[in-house]
Amino acid sequence: MNAGGTQVIWWNTGDLMAPVTELLLLLLLLDAAEAAVAPDDAAAAQVWKLQMKELKGKDSSPPIRDGSAPQLLYCRAGIGYHLQILANGTVGGVHKADANCWMKVFALKRGVVGIKGVESGLYLCLSADGAARAAKEFSEECLLKENLEENLYTTFSSLVHPGIFLALSHRGELRRGNRVGRHQASTHFLPRWSP
Ligand SMILES: *[C@@H]1O[C@H](CO)[C@@H](O)[C@H](O)[C@H]1NC(C)=O
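For the sequence shown, the residue numbers in mature numbering (1 follows the signal peptide of the UniProt record, and there is no 0) are -35 to -1, 1 to 160.
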C-alpha cells in the first residue's frame, strides 16, 4: 500500500497468528470435503486462495499450540542429525545443532502442525514429488501431519500429499519423502529444547 508499489504480503511478518486463521479455515474446508474429493484436488487449492483473500486483515483466533518455545528436531538417521532450514530455502540436517536448527512447531488442529525456521523465518513444506523445501509463504504444502510413533519418535508427513514424509538420510542429507515410510529411522524425529 505504499507509494513505491511494494506489495507487502501480510502474513510474512513473522507473526504466526495470521497464517493460522487461514489454515484453520482450510482445514475446516478439507474436513468438509474429505469424503468427496482428495485434499490435494486443484479445487481445494482454489478455494484456499479465495479464502485467504477474504480473510485478509481479519482477526485471528489463537492456535491450539503456539510453539512459542523454539525447539530442535533431532532425526535418528545415521549418527543423528538436527533438522536445518537455511535462509535460501535449503532443508537438511547437521549433527551439531546451529542457529538454523531452531524451529517453531505450531499446531493448527489436532495432529496437524506447521514448522517454521526461527533464523530464516521460512516454513517447511513438502511437495508432491517428495522434495522438502522452505518457503516464505505458508501454503497447503506446509501443512504437516504429526504422528507419534510407537517408539516415541514423531514422523511428519504431508497433509495434502499422502505418503510423503519428512526424512533425512544416514548422512544427514534431505531424503525424498516419497521413498520412505514411517518405519524407517530417516523419518523419525525427536523434539529437543536444548542441544
Ligand atoms: C544454500 O546455501 C547453502 C549454504 O550457504 C549452500 O551450500 C547451498 O548450495 C545453497 N543452495 C541453493 C539452492 O542455493
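Backbone N, C-alpha and C define an ideal beta-carbon position, used for all residues, glycine too.
Quiz item: Between which two residues does the beta strand (DSSP E) containing threonine 55 stretch?
Solution: In the sequence shown, the residue the question calls residue 55 occupies position 90. Where threonine 55 is concerned, there is no enclosing beta strand (DSSP E), given that its DSSP letter is neither H nor E.
Quiz item: Within the chosen definition, does the region 107 to 115 reach the region 31 to 50 through at least 3 CB pairs nearer than 8 Å?
Solution: no
Quiz item: In three-state DSSP terms, what is asparagine 143?
Solution: Position 178 of the sequence shown, counted from the start, is the residue given in the question as residue 143. Coil, per DSSP.
Exercise. Output the distance between the C-alpha atoms of alanine 93 and alanine 99, rounded to the nearest integer angstrom.
Key: Locating residue 93 in the sequence shown gives position 128, counting from the first residue. Locating residue 99 in the sequence shown gives position 134, counting from the first residue. Approximately 14 Å between the Cα atoms of the pair.
Self-check item: Any non-hydrogen atom of ligand 1 closer than 7 Å to leucine 51 Cβ
Solution: The count along the sequence shown starts at 1 and reaches residue 51 at position 86. Yes, since a heavy atom of ligand 1 falls inside the 7 Å radius drawn around the Cβ of leucine 51.
Quiz item: Which word fits glutamate 106, buried or exposed, when buried means at least 16 other C-beta atoms lie within 10 angstroms of its C-beta?
Solution: Start at 1 with the first residue of the sequence shown, and residue 106 comes out as number 141. Answer is buried; the Cβ neighbour count reaches 16.
Quiz item: Using the rule of at least 16 other Cβ atoms within 10 Å of the residue's Cβ for burial, across every protein chain shown, is histidine 135 buried or exposed?
Solution: The sequence position of residue 135 within the sequence shown is 170, counting from 1. Looking at its Cβ environment, which holds fewer than 16 other Cβ atoms inside 10 Å, histidine 135 is exposed.
Quiz item: In the structure shown, what three-state DSSP assignment does glutamate 84 receive?
Solution: Here residue 84 is taken as the residue at index 119 of the sequence shown, counted from 1. Coil.
Quiz item: Which residue comes first and which comes last in the beta strand (DSSP E) that contains proline 156?
Solution: On the sequence shown, position 191 is the one that residue 156 refers to. Start and end: 154 to 157.
Quiz item: Closest by CA to serine 122, which one among Tyr46, Gln49 and Asn143?
Solution: For the purposes of this step, residue 122 is identified with residue 157 of the sequence shown, where counting begins at 1. The option with the nearest alpha carbon to serine 122 is Asn143.
Self-check item: Reference tyrosine 88; option with closest CA among Gln49, Gly76, Trp158 and Arg41
Solution: The residue labelled residue 88 in the question sits at position 123 within the sequence shown. Nearest option by C-alpha distance: Gln49.
Quiz item: Is threonine 55 near ligand 1, in the sense that its beta carbon is under 7 Å from a heavy atom of that ligand?
Solution: In the sequence shown, residue 55 corresponds to position 90, counting from 1. Under cutoff, so the answer is yes.
Quiz item: Does DSSP classify serine 122 as helix, strand or coil?
Solution: Here the question's residue 122 lines up with position 157 in the sequence shown. If DSSP states are grouped into helix, strand and coil, serine 122 belongs with the strands.
Exercise. Would you check if the distance between the CB atom of leucine 124 and the CB atom of lysine 110 is smaller than 8 Å?
Key: Indexing the sequence shown from 1 puts residue 124 at position 159. Indexing the sequence shown from 1 puts residue 110 at position 145. Yes, they are a contact pair.
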